[in-house]
Structure formats: C-alpha cells, structure tokens
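Participant:
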Amino acid sequence: MNDISSLNKIIKVSIIIINYNGSKFLCECIDSVLNQSIDNFEIIIVDNASTDNSLDLLNSYKDNRIRVFPQTVNLGFTGGNNTGYKYCSGKYIVLLNNDTVVEKTWLDNLVKIFENYPETGIVQSLVLTEGIPDKYYKKNGSINFLGHNIMEIFDIEKNGVGEIFQATGCSMMFEKKLIDSFGFLFLNEYFAYAEDTFLCFRVKFCGLGIIHNAKSVVYHKGGATVKAVSSGLKSGLLAFYRERNRILNFLLFFSKGFIFKISPYLILNFFAKFIAGIFIKKYSSFSIIKAYLWIIKNKNLIKKNRKILQEQYVKKENYVIGYLTCKLFNGNNIFGKFFNGISKIYCRIIGIRTVEFIKH
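So the sequence shown is residues 1 to 360, counted in my numbering.
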C-alpha cells in the first residue's frame with residue numbers, strides 16, 4: 001500500500017488519519033473517504049503502535065490511494081500528524097479523526113473554498129458530534145483567554161460559509177505550501193490537546209482566514225480519537241496536557257503585556273482547577289501544578305519557540321484578539337451570565353477588544 005507509483009492522477013489532497021486501537025471505527029471512516037465525489041487524493045494513515053487488529057484491517061485494503069505508516073511507539077496526535085505530513089504529496093492536506101464518517105461531497109466542498117477564497121488559511125467542515133444539541137450548530141464558536149471552547153459566537157451565512165477563529169483538528173484542510181513556509185506543522189511537545197488552536201493562532205497571525213463550510217459534513221463519534229490516542233497514559237497526564245497546552249498557546253503567541261492583562265483569569269483558573277482537582281479526577285490537582293511547573297522549567301524552550309513563531313507574524317495581536325471571546329462559560333444560566341458579564345466589564349476597562357467589541 002505504500003507504493004504510489006501506480007497512481008494515474010496527480011494527487012490534489014493528502015488526508016492524514018491518526019490511529020491508535022481504533023479498529024471499531026477505522027473501516028467505516030476509510031470506506032466513507034474512499035467513496036468521495038472526487039478521487040485524486042491519498043490517505044496517509046499513521047498507526048501509533050496499535051495493539052488491536054487495526055493493522056490487519058488496514059492491510060486488507062488493496063486501494064493504492066491508501067498508505068500506512070506503522071509506528072513503534074504512540075506519538076500522540078501531534079507527533080502522528082507531524083509524521084504523516086512528511087509523506088504528503090498533495091497540494092492540500094486534511095487532518096481527519098478516525099472516529100468519523102464523511103459525506104460523499106465532504107472533500108470536494110473543502111477544496112472549493114480554497115478555489116473561491118484565495119486568502120484562506122484553514123477550512124473546517126461541519127462536524128456533527130454525537131451528544132451535541134442541534135442548537136449549537138446554528139453559530140460557530142471561539143476560545144476564551146483560558147483556551148476553553150465557547151460556543152455560539154460567529155454567525156453562519158445562508159450559504160453555509162462563514163469566517164471563524166477556532167477550527168477543529170477533527171476535520172480541517174490547509175495548503176501544504178503554508179506549512180512548508182512555517183517549517184513544521186505542530187510542536188511535538190503538545191502530544192494531544194489544543195494543537196489545533198496552536199495552528200489557528202499561526203494562521204490568524206499570518207493574516208489568513210479560517211473558514212467554516214457547512215456543506216462539508218462529518219459525523220463524529222466524539223472524543224473517541226483522543227481517548228484512543230491518549231489511552232495507556234499515566235493517570236492525570238491527560239489533565240496535564242489539557243492545562244499546559246492551553247496556557248502554552250497564549251505564552252507562545254502573545255505579548256507580555258497581554259499576558260499581564262489576562263493574568264487574573266490565569267490565576268483564578270489555577271486555583272479553581274486545583275480545588276476542583278481535589279474532588280474531581282478529571283482535573284487532578286497534582287497535574288495542574290505539574291503543568292505550571294513544566295512551563296517554568298521550560299521557559300527557555302518557550303522563549304525559543306516564541307521567537308520563531310513571532311518572526312512570522314503579519315498581523316498585530318489586537319487583530320487576533322478580536323477573534324477571541326471574553327466569555328468564561330457556555331450557556332445562559334444565571335451563574336454563567338453573571339461571570340460572563342463581569343469578564344466583559346473587565347475587558348472594557350482594561351482595553352481588551354474581543355469579538356464582543358468588534359464587528360467582523
């Protein structure tokens with residue numbers, strides 16, 4: 001399957017799928033991709049040392065569009081995609097979760113955005129995730145100063161196309177030449193979580209658009225990929241990656257002045273999650289402390305990567321801040337409304353102009 005010499009058409013799209021013990025999802029995902037309305041694509045599957053029958057299933061496919069790259073260790077989502085990127089031949093690259101099923105025109109509708117909107121950096125599909133109510137698909141979301149996803153921020157145009165900030169690694173497309181110009185796709189240190197936000201920050205600081213196309217439809221099991229990629233990790237390590245990577249994104253991309261302005265959020269977030277971690281395993285107090293200690297210990301590495309990233313900036317940070325939200329919580333309950341209101345007042349006073357203050 002790794003021999004592509006028999007491909008008759010020039011490869012237009014390279015689709016990277018990361019797999020770790022995903023045998024129960026894998027065939028349905030691959031079959032839906034192979035059934036696309038266009039066929040000048042390749043599927044790059046990076047198997048992160050699966051211990052189930054994933055490789056047997058993959059080897060049963062005889063389609064020469066499929067290329068499989070088995071690994072001896074679990075590289076995580078970032079390491080797996082970095083490996084897959086090295087083998088991509090297409091003009092465009094798609095990151096696709098293995099616990100998805102895509103509609104027949106999914107790929108074509110991603111490509112069309114780049115053909116019609118040349119200033120595009122990333123295109124995201126409409127990802128319909130199991131368990132997420134329909135009301136949350138009427139608008140697109142963003143992230144707040146803590147890197148948490150906040151829903152219902154950006155309007156979707158009648159044609160299903162709209163500008164957003166946060167594209168998800170579940171199904172996103174970008175041009176290979178863009179990543180080539182960056183020098184690398186993801187930092188391997190991330191392993192999993194918030195790496196898609198990392199890429200979105202890079203694209204936005206380059207002044208390129210991030211577009212949502214509701215005509216490119218993906219059905220997502222929800223969380224299965226992350227659970228698989230990260231299974232086998234020590235207890236609390238997931239909480240460590242979640243917390244560290246979210247904060248790391250802001251330390252890498254934004255000025256010290258902005259970090260100082262949002263420091264009250266970071267401090268309150270630390271103590272809230274530390275206390276919650278005493279009672280809720282998901283947060284893990286030890287992992288929260290470990291995340292911040294990692295940041296302190298690796299300040300020179302952060303400084304080095306910061307310099308590399310910020311040398312590529314085209315836009316100033318206020319432009320990117322204008323796509324973030326000052327909201328702290330999703331929903332319309334009294335608790336959330338109160339603290340979201342307090343946050344908006346703080347931003348108005350301190351001079352942080354988020355999406356709530358800017359018309360796009």
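In this text, a Cβ means the ideal position worked out from N, Cα and C, and glycines have one as well.
Keep in mind the model is a prediction, meaning the values are calculated, not measured.
For my contact list, residue 13 and residue 92 are in at a C-beta cut-off of 8 Å; report their separation, rounded to the angstrom.
Facilitator: Indeed they touch by this definition, with Cβ atoms about 5 Å apart.
Participant: At the level of alpha carbons, what is the spacing between residue 119 and residue 202?
Facilitator: When rounded, the distance between both Cα atoms is 14 Å.
Participant: Quick check on residue 355: buried or exposed, where buried means 16 or more other Cβ atoms within 10 Å of its Cβ?
Facilitator: Under this definition residue 355 is a buried residue.
Participant: To the nearest angstrom, how far is the alpha carbon of residue 283 from that of residue 133?
Facilitator: The alpha-carbon atoms of residue 283 and residue 133 are separated by roughly 25 Å.
Participant: Within 10 angstroms of the Cβ of residue 320, are there 16 or more other Cβ atoms? Answer buried if so, exposed if not.
Facilitator: Buried, because 16 or more other Cβ atoms sit within 10 Å of the Cβ of residue 320.
Participant: Run through DSSP, which three-state label would residue 155 get?
Facilitator: Three-state result, residue 155: strand.
Participant: The beta strand (DSSP E) with residue 94 in it runs from where to where?
Facilitator: Here the beta strand (DSSP E) through residue 94 covers 92-96.
Participant: For the stretch 169-206, list the alpha helix (DSSP H) runs that are entirely contained and at least 4 residues long, ordered along the chain.
Facilitator: With a minimum length of 4 residues, the continuous alpha helix (DSSP H) runs that stay inside the stretch 169-206 are 176-182 and 195-205.
Participant: If contact is defined by three or more beta carbon pairs under 8 Å, each pair taking one atom from either stretch, is the stretch 68-86 in contact with the stretch 148-166?
Facilitator: Too few Cβ pairs lie closer than 8 Å, so no.
Participant: What is the rounded straight-line gap between the Cα of residue 161 and the Cα of residue 289?
Facilitator: Each residue's alpha carbon lies about 41 Å from the other.
Participant: Distance check for residue 305 and residue 16, CA to CA, integer angstroms please.
Facilitator: Each residue's Cα considered, the two are about 25 Å apart.
Participant: Would you report the Cα separation of residue 341 and residue 351, rounded to the nearest angstrom?
Facilitator: Cα to Cα, the separation comes out at about 15 Å.
Participant: What is the rounded straight-line gap between the Cα of residue 48 and the Cα of residue 173?
Facilitator: Between residue 48 and residue 173, the C-alpha separation is close to 22 Å.
Participant: Rounded C-beta distance between residue 323 and residue 186? I'm assuming under 8 Å.
Facilitator: Wrong, their Cβ atoms sit about 20 Å apart, outside the cutoff.
Participant: Can you give me the start and stop residues for the beta strand (DSSP E) that residue 47 sits inside?
Facilitator: Segment 41-47, the beta strand (DSSP E) holding residue 47.
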